[in-house]
Amino acid sequence: MSAAGGLISFAAYSNLTTMANQLLKGKKGIISGALNNMSIAWKVAERAHEEGAEIVLTNAPIAMRMGEINGLAAAIGNAPIIPADATNEQDIENLFARSMEHFGGKVDFVLHSIGMSPNVRKGKHYTNLNYEWYKQTLDVSAMSLHKMLATAYRLDAIQDWGSVVALTYIAAQRIFPDYNDMADAKSLLESISRSFGYHYGAAKKVRINTISQSPTVTTAGSGVKGFDGFINYSNAMSPLGNADALACADYCIALFSDLTRYVTMQNLFHDGGFSSTGVTQEVVEKFAGKD
Ligand SMILES: NC(=O)c1ccc[n+]([C@@H]2O[C@H](COP(=O)([O-])OP(=O)(O)OC[C@H]3O[C@@H](n4cnc5c(N)ncnc54)[C@H](O)[C@@H]3O)[C@@H](O)[C@H]2O)c1
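Numbering (the numbering used here), first residue to last: 1 to 291.
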C-alpha cells in the first residue's frame, strides 16, 4: 500500500516536472552543444520543443560524426541541423543567416552550451599549461559566445526582448583544481555575458545570462579528472542535492520565456544551494573525530 502510494506520488512529481505549458509557443531558437542524450543541450532542445518552440540545432562538424544529433532533430519536429565550429566567424554567420532563412525572421533565443579544453583532455597541469591549447580553451569555451553575440548583433538576428543563455560553472569564482584552465574560460564567459548584456540590452532589449550549473554527468563533465569525487562532494554540500540536466533545461526554458524579461547580465546559480553553503551536516559528520 505504501509502496503504491510512493509510486503514485513519484508519477505525480514526474508529470509536474515534465508538464508542458507552451511557455515558448511561437518562439524560435538556436541550440548549440547537443552531442548525445546526456548533453545538457539535448535536454534543453527536448524541453523547448515540448514548450512549443521551433528549433535549429548546431554543433561542431566533427561532433556530428557519430550522427546522434539526427535522432534528436527527428524527435523535435525535424529541426534543421546547421554545422558550425563556434570558433569560426564564417560558420557562425552562416548559422544565423540560415536560421533566419529557415524561420522566415529573427530568432527569439539562443543557447550557448559549448566547452572544451585540450589541456584538460591531455592532462596538462594548471601550473604547466600548453599556451596554444590554452588559447583554444578560451576560444572554444568563451570567445565563441562573443563571436555568436557579435554576429547576431551585426545581422540583427535576435528579436527585441530575446534571450541568450550560456552555461557555466562555479570554478569561475572559486578554485576547483582539476577544472584547470576551464575555470579561466568560465570567468571570461561570464564577463562577456555581462558586457555584451549591457550593449545588446541598451540597443535591442536582448537579455544575456549565464546559468552556473551543478556538476552533471555528461561527456564534457566526465572529462574532468576525479569527476566522481567532485560530483559526490558537490551533492553532499548542496541542501537540495545536485541539479541534474533536466532541471537545468527547465531553468533555461524559464529564461527563454517571457516570464523573465527583466533578468539580464546575471550569473544565475542552479546548484541546489551549493554556492551559498559553507558546510552541511553530512560533510561535518564525515570529518567528525578526525584530527
Ligand atoms: N557537465 C557539467 O558538469 C557542467 C557543469 C557546469 C557547466 N557545464 C557546461 O555546460 C555546457 C555543455 O556541456 P555538457 O556538460 O552538456 O557536455 P557535452 O560534452 O555534452 O557538451 C559540450 C559541447 O560542446 C561542443 N563543442 C566543443 N567544441 C566546439 C566547437 N569548436 N564548436 C561548437 N561546439 C563545440 C561539443 O561538441 C559538445 O556538444 C558546457 O559549457 C559546460 O562547460 C557543464
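Ideal Cβ positions, reconstructed from N, Cα and C, are used throughout, including at glycine.
Only a predicted model underlies this, so the values are computations on that prediction, with no experimental measurement involved.
Assigned secondary structure, S212 (DSSP; H/G/I helix, E/B strand, else coil): The residue you call residue 212 lines up with position 212 of the sequence shown. If DSSP states are grouped into helix, strand and coil, S212 belongs with the strands.
Residues in the same chain with beta-carbon distance under 6 Å from N15, minus the five sequence neighbours each way, listed in chain order, please. Counted from its first residue, the sequence shown places residue 15 at position 15. For N15, the predicted model reports a pLDDT of 43, less than 50, meaning its position is unreliable and no value from the coordinates is stated.
With a 10 Å radius around its C-beta and 16 neighbouring C-beta atoms as the bar for buried, classify G115 as buried or exposed. If you number the sequence shown from 1, residue 115 lands on position 115. By the 10 Å Cβ count, G115 comes out buried.
Cβ-Cβ separation, K43 to L246 (assumed contact under 8 Å), whole Å: For the purposes of this step, residue 246 is taken as the residue at position 246 of the sequence shown. For the purposes of this step, residue 43 is taken as the residue at position 43 of the sequence shown. Contact flag correct, Cβ pair sits at about 5 Å.
Under 7 Å Cβ to Cβ from D85, same chain only, skipping five residues before and after it: list those, please. Counting from 1 along the sequence shown, the entry for residue 85 is found at position 85. Counting only Cβ-Cβ distances below 7 Å, and skipping sequence neighbours, we find A60, P61 and D91.
Measure the beta-carbon distance from T218 to I40 and round it to whole angstroms, keeping in mind my assumption that it falls under 8 Å. Position 218 of the sequence shown, counting from 1, holds the residue named residue 218. Position 40 of the sequence shown, counting from 1, holds the residue named residue 40. The pair is a contact, with the Cβ atoms about 6 Å apart (cut-off 8 Å).
Please determine whether the Cβ atom of Y169 lies at a distance below 8 Å from any heavy atom of ligand 1. Here residue 169 refers to the residue found at position 169 of the sequence shown. Y169: yes, Cβ under 8 Å from ligand 1.
Between A97 and A53, is the Cβ-Cβ spacing less than 9 Å? What you label residue 97 is simply residue 97 of the sequence shown in a count that begins at 1. What you label residue 53 is simply residue 53 of the sequence shown in a count that begins at 1. In this structure, A53 does not lie closer than 9 Å to A97 by Cβ.
Please find out if some non-hydrogen atom of ligand 1 comes closer than 8 Å to the beta-carbon of K80. Position 80 of the sequence shown, counting from 1, holds the residue named residue 80. Note on residue identity: the sequence assigns Pro, not Lys, to residue 80. Not so, every heavy atom of ligand 1 lies at least 8 Å from the Cβ.
Which two residues bound the contiguous beta strand (DSSP E) that contains T28? Within the sequence shown, the letter at position 28 stands for residue 28. Sequence check: residue 28 is Lys here, not Thr. It spans K28 to S32 - the beta strand (DSSP E) in which K28 sits, taken as one unbroken run.
What is the DSSP secondary structure of A84, reduced to helix, strand or coil? Within the sequence shown, the letter at position 84 stands for residue 84. Coil at A84, not helix or strand.
Can you grab the Cα-Cα spacing for the pair Y134 / H112, in whole Å? Start at 1 with the first residue of the sequence shown, and residue 134 comes out as number 134. Start at 1 with the first residue of the sequence shown, and residue 112 comes out as number 112. Each residue's alpha carbon lies about 20 Å from the other.
Contact defined as beta carbons within less than 8 Å: I believe A172 pairs with S187. What is the distance between those atoms, to the nearest angstrom? On the sequence shown, residue 172 is found 172 positions in, with the first residue counted as 1. On the sequence shown, residue 187 is found 187 positions in, with the first residue counted as 1. The Cβ separation is near 4 Å, so the contact holds.
Pair every Cβ in the segment 180-195 with every Cβ in the segment 139-154, then say whether three or more of these pairs are closer than 8 Å. yes
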